[in-house]
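Since the structure comes first, as C-alpha cells, the remarks are kept for the end.
2 protein chains.
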Amino acid sequence: MDSKQFREVGKQMIDYIADYHDNIRQRSVKHNVSPGYLLPLLPDSAPEDPERWEDIFKDIEKVIMPGVMHWRSPRFHGYFAVGGSYPSILGDMLGDAIGCIGFSWASGPACTELEMVTTDWLGKMMGLPEHFLHSHSGLGGGVIQTTASETVLLCVLAARNRMVARMKETDPDMNHHSVISRFVCYSSDQANSSVHRSGLLADVRMRKLQSDDNFSLRGETLRKAIEEDKAKGLIPFFICATLGTTGCCAFDSIKEIGPLCEKEGIWLHIDAAYAGSAFVCPEYREHLEGVEYAETFSTNPHKWMLCNYDLSVMWIKNREYLVDAFNVDPFYLKHQNEGRVPDFRHWQIPLGRRFRALKLWFVLRCYGVKGIQQYIRTHVSLAEELEALLVKDGRFEMHVPATMALVCFRLKGTNKLSEMLHDHIMARGDIYIIPDYARAQGKGVYFIRVAMVSEYMTSDDIEVTFRAIQRSADCVQERYADLLQTEKNGVKDDYMPLINNDACPADFKK
Amino acid sequence: MDSKQFREVGKQMIDYIADYHDNIRQRSVKHNVSPGYLLPLLPDSAPEDPERWEDIFKDIEKVIMPGVMHWRSPRFHGYFAVGGSYPSILGDMLGDAIGCIGFSWASGPACTELEMVTTDWLGKMMGLPEHFLHSHSGLGGGVIQTTASETVLLCVLAARNRMVARMKETDPDMNHHSVISRFVCYSSDQANSSVHRSGLLADVRMRKLQSDDNFSLRGETLRKAIEEDKAKGLIPFFICATLGTTGCCAFDSIKEIGPLCEKEGIWLHIDAAYAGSAFVCPEYREHLEGVEYAETFSTNPHKWMLCNYDLSVMWIKNREYLVDAFNVDPFYLKHQNEGRVPDFRHWQIPLGRRFRALKLWFVLRCYGVKGIQQYIRTHVSLAEELEALLVKDGRFEMHVPATMALVCFRLKGTNKLSEMLHDHIMARGDIYIIPDYARAQGKGVYFIRVAMVSEYMTSDDIEVTFRAIQRSADCVQERYADLLQTEKNGVKDDYMPLINNDACPADFKK
C-alpha cells in the first residue's frame, strides 16, 4: 500500500470509525457467536499474493464484527469504564506513524519528555503529592506502563529487592533465597485478581486480608496480620492497597494503612486503576488521605479517562528502587545524556515502549481539566440515576450504595434469583452486565454489577438499561415461583445457570 | 470532539501521516535537542478549558517533531528494523475504535480467535513445527505478547515453576525457595540485555555462556556448563537461545543445544525477535534446525515484518505450563465457554490486552507471503550492497560478514579510530547508526552496526549512507594522524568521545 492509497483508504477508515460510533446503539451489544466461529470464515493459511484492500475492508463487517463485544456501546455495562475517544485515537495514529521505540531518551527524546510532562500534568490534576512529579527536586516521577497488573508485579519485585538489600546491610552473608521464603506481602480479599497473580509470578507469599463490612481493608486488620506474621518469623515487605476495587468499588483505608507501612518498612503500593481518575474532581479526594505514605501509586487513564488501552500511569517516590534493582545496560543502548533524563526502559518490565504520551496529551488538551471533570461527574450521576430507579422499583436491593460510576444490586431474596436475573438479561442480550460474588456478614452474596462505560451514555440509555433489568426481573420472578412449586413437588430443577458453577464457592449456590 | 470534527481532523491526520512518510528524507534523521528541550515549550499544568484542535495540531511540528528520532527514515540505521506500515496503522486504528479488552474469549471473541488464526498463519509461513499451532490437536498455540523481553521473563517463570513441580513429585516436603536458590539458567554472552534482566527480575541465577568465534553459542559449551553446574549442586532449568543476536545477528546452534535440553529436562526458549521474520523465506530456515526441541519460540513482527509496535508473537508447545502455573481466576471474569477456547490473559503477564491481531491480519493480507518475502530479501540485498561498497573502499573491515539485513564494520586499526568514526558520523547527523562492542579472539572489538530499518530504503539510500561513512572516514583519518602526532609530542589528547566511556570495558579504550 503506497501513500496515495493510504490517503484514500485511511479516510475511508476514519469514516468507518465515526459511523461505527455514531450508530453503535443499533448493534447488538453482545456478540452472538460460539467458540470457533471465526475459523471457517478465513482460509487456513495467509494468502500467497497481496489481496485487494476492498476485499479486506469488507471482511471487517463479515468476519470481525459478528464476534465483537461492543465495549463502546451505551448498552455495555461490564467490568469498568474503558477508555477511548477520538483525540486518543488520533494520538495513537500519530504515535504509530512516528514509530519510535522509546527505550532510552536518545531513541526518542520527545517520547520520553512528553511522558514526563503529561504524567506531571495528570499527577497535579489528581492532587498527588509533589514528590511524585518529575518537576519536583526529588527522585520521583511518573511513567506510562502497559497495565496496572504489570505495575503491581514490578512493584512487588522492587519491594522484594529493597527488603533483601536492607537485610543484607545487617547480614551480608545471608542466603537471600532462604530469607525470601519468609517474605510475605498483603492485599485485601477484594483486590484485583492480578494482585494475587503477582504473588504467584514473583513467587512470594501473598496473604489476602479480610476487608470490613464495607469491603474496605482497615489498618487494624493489617496491624494484626503483621503482628501474627512477625511472630511466625515471617517478614512483611509489601502491600497493595486498592482505591476502587473491581468487585464493588470499595476503598481501602490508606490513612490507616500508611503509617503502619512507614513504621514497619513495608512498601505501600496504591492501585487506583479505576477510581484514580475521579480524583481529578476535588470532591473525591478524601480517599487520597494517606497517599503520602505510598512508594508507588497507579491509575489507568485507559479505564476512566478517555485514553485508549494501553495507558496505565505509575508514579514512584524514589526511582532508584526500580532503576538500580534491575539495571542491565548493554553498550548498544548507551548514550551521552545518560543520568540527566530518565531512560524509561529501567522503569518497566519490557524493553521496548511506544509513544503513548501523545494520546494522553491530546486527551488532556482536547477535553481540558473541566471536560474530564464533567465526563467523570456525568458518569457518577448516571449511576445514581440508575440506583434511584432500582430502589424505586422496590424489588431490588443495593449490594453497596452506588460508588463512583458503578451500581451493584441484586433481586431481594436468594442468590439463585439474582443469578437467574443475570442469566436472563444476558440471554436477551439487550445490555451487557457481569455478576460478582462477595462474602458479606459471613454469607456469600451474588450481585450484579452495572458499570457506566461508554462516553456516549445519557439518561435515555439509563432508562433503556433499567427497562431491560425490569423486564427480565418480571420473567424471572414468574419462573422462580414455578421453580419453587416444582421443587416442592419433588421434581428436579431443570434450571442450568449460564456460567460454570463449578468455579463458584459452594455457598454461592444457595 | 464529536464525530463530525473527527471525520475532518482524522482525515487531516491521515494526510499528515502520508506527508510525513513521503517527505521523511527531507528531515534530519536525528533530533538535535538536549535533555529538557520540551519542558519550556509546554505549560506546567494541563489546560483548564478544552483547547482548539488547530492549536494542538500545530504543536506536533513545533513541540514534538524537533525531539523525534525518525526511525522510519531510510537514513536511520540504528538498533534493528522497526515494524510499521500503512496496513498496520489501519489495523491499530480499527483496534482502537473497537476498543475491546480481550482478557477472555467472552470479552472479545473476534480478538481471541483472529489471534489464533493469524499466529497459525505466521507459524506456517515461517515453517515452525505443527505442535506450535492452534489448529494442531495438541496443547500448543501462538499468542501476541507486548515484547520479546516480556516473553523471556514469562518463560523463565514458567520454566522455574515446571522444575519446582517436577522436584516436588519426588520430594513433596521440600522448601521450594531453598531449591530455587540452586536453580541456574543460561544464555549466550551475546543474548539481548533483556534476557539477563529477566534473570534479575525472576531472581534466578542467569549464567552467560561464552559464544564461539562466530558469536554463536554451541552445544559443547552448554554441555560443559551443565556438567560443571550439576557438579556444584546446581539445577539447570532454562536456556534462552537466540537466532539473530542484537550485536551482530549471530545464531546459536539450536540443533546442538536442543538435544541437550531434552536430555536434561531444560526448558529451551528460542528468541528470534529479529531474525525470525526471515524464516518466511525458505532459504534461511537452516537456522531453524532443532526448533522441534523448543518449548517456546518468539519473534517480533513489530521488528522486521511491517507491524507497528507492539506485536511480538510467542508460540508454546504445551500451554498448560503457563495457564496452570499462574492461574488466578476471579468470579467476574468467568464465562460459559471456558476451557473450550484460550483465555489469553493466562498466557501473558498483564491482565488486559488490545486487539492487536488486526494489524497482523491486515499486513499479511495486504502484502501476502510473497510481498513479505520480497521485503525481507530487499533488505538483505541492500545490506550486501553496503558491504560490497565498504569492502571495495579498502579502509574498512567487516566485524562479521553482513548477516540478514545488518552490516557490522569498523575502520581497520585501533578501536579508537572506529569510535572516532562513529562519533563523527553522529555529529554530522546525515545518518543514524549505533556502535557495539564484542570480545573476539580475546580482544575487545569496537564496531559500527548499520541496520536496514526503513521499508522505503532503496539502493540510492545505501549510496547516501555509504558516502556519509566515507566522508567521515576521510576526516577521521586526517584527525587521527594529527592526534597520533600530538600524543607523540607528549600533549594530552583533547578528543572526548561522545558516549560515556565509563560504562565500557577497559580494553575497549585501547
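Which chain is which? The protein sequence lines are D and W, in order.
Numbered per my numbering, the first sequence finishes at 534, counting up by one with no gaps.
Numbered per my numbering, the second sequence finishes at 534, counting up by one with no gaps.
Note that CB positions come from ideal geometry on N, CA and C, so glycine has one too.
Model, not experiment: these values are computed from the prediction.
- Fewer than three beta-carbon pairs drawn from the region 147 to 167 of chain W and the region 405 to 423 of chain W are found closer than 8 Å, and the two stretches are therefore not classed as touching.
- Secondary structure in the region 333 to 369 of chain D: the alpha helix (DSSP H) runs of 4 residues or longer, each lying completely within the stretch, are 344 to 347 in chain order.
- Per DSSP, the continuous beta strand (DSSP E) segment holding D:E421 begins and ends at F420 to T427.
- The Cβ atoms of W:I281 and W:L246 lie closer than 8 Å to each other.
- Taking a cut-off of 8 Å for Cβ pairs, the region 128 to 135 of chain W and the region 84 to 99 of chain D touch, as three or more such pairs fall below it.
- Near chain W, meaning a CB-to-CB distance below 7 Å, the residues of the region 318 to 344 of chain D are N332, Y333 and D334.
- D:I84 has a beta carbon lying within less than 8 Å of a beta carbon in chain W.
- Chain W has a Cβ within less than 8 Å of the Cβ of D:C124.
- Between D:L146 and D:V337 the beta-carbon gap is near 6 Å, inside 8 Å, which marks them as a contact.
- Taken through DSSP and simplified to helix, strand or coil, D:F81 comes out as helix.
- Contact between W:S128 and W:D144 does not hold, since their C-beta atoms are separated by about 20 Å, which reaches or exceeds 8 Å.
- Neighbours of W:D39 in chain D, taken as residues at a C-beta separation under 8 Å, are given in chain order as R31.
- For W:P196, no CB of chain D lies under 8 Å from its own CB, so it is not counted at the interface with that chain.
- Using a Cβ distance threshold of 8 Å, W:L335 and W:K383 count as a contacting pair.
- Around the beta carbon of D:G314, a 10 Å sphere encloses 16 or more other beta carbons of the protein chains shown; the residue is thus reported as buried.
- Taking 8 Å as the Cβ-Cβ cut-off, the region 432 to 446 of chain D has no residue approaching chain W.
- The beta carbon of D:Y210 lies closer than 6 Å to those of R231, L233 and I263 in the same chain, with the five residues before and after it left out.
- A Cβ-Cβ separation of about 5 Å places D:L445 in contact with D:V500 under the 8 Å criterion.
- Residue contact with chain W for D:H201: present (Cβ-Cβ distance below 8 Å to some residue of chain W).
- The beta carbon of W:A183 sits closer than 7 Å to those of F261, F262 and W291, all from its chain and outside the five residues before and after it, given in chain order.
- With fewer than three CB-CB distances shorter than 8 Å, the region 188 to 199 of chain W does not count as touching the region 172 to 179 of chain W.
- Rounded to whole angstroms, the gap between the alpha carbons of D:E362 and W:Y461 is 18 Å.
- When C-beta distances to chain D are compared with 7 Å, the residues of the region 379 to 402 of chain W below that value are F386, L388, R389, C390, Y391, G392, V393, K394 and G395, in chain order.
- In the DSSP annotation of this structure, the continuous segment of the alpha helix (DSSP H) that includes W:S405 starts and ends at A381 to D417.
- By the criterion of a C-beta distance shorter than 8 Å, D:L224 is surrounded in its chain by M230, once the five residues flanking it on both sides are discounted.
- Residue range F207 to S212 is occupied by the beta strand (DSSP E) that includes W:Y210, with no alpha helix (DSSP H) assigned at that position.
- For D:T171, the chain W residues whose Cβ falls inside 9 Å of its Cβ are I373, P374, L375, G376 and R377, in order along the chain.
- Across the structure, D:L284 and D:G243 are spaced so that their CA atoms are roughly 7 Å apart.
- In the three-state reduction of the DSSP assignment, D:A215 falls in the coil class, being assigned neither a helical nor a strand state.
- In the DSSP assignment, D:K467 falls within the unbroken beta strand (DSSP E) covering K467 to A475.
- In its chain, beyond the 5 residues on either side, V53 and I455 have a beta carbon closer than 6 Å to the beta carbon of W:R99.
- Taking the Cβ atoms as the reference, D:W328 lies roughly 6 Å from D:Y298, within the contact range of under 8 Å.
- Note on geometry: alpha-carbon atoms of D:S58 and D:G271 lie some 27 Å from one another.
- Counting only residues of its own chain and dropping the five nearest sequence neighbours on each side, D:A296 has a CB closer than 8 Å to the CB of T266, L267, G268, F303, F321, S322 and T323.
- Of the candidates W:F433, W:S27, W:A274 and W:I259, W:I259 places its Cα closest to the Cα of W:N185.
- Not one beta carbon of chain D lies nearer than 8 Å to the beta carbon of W:I472.
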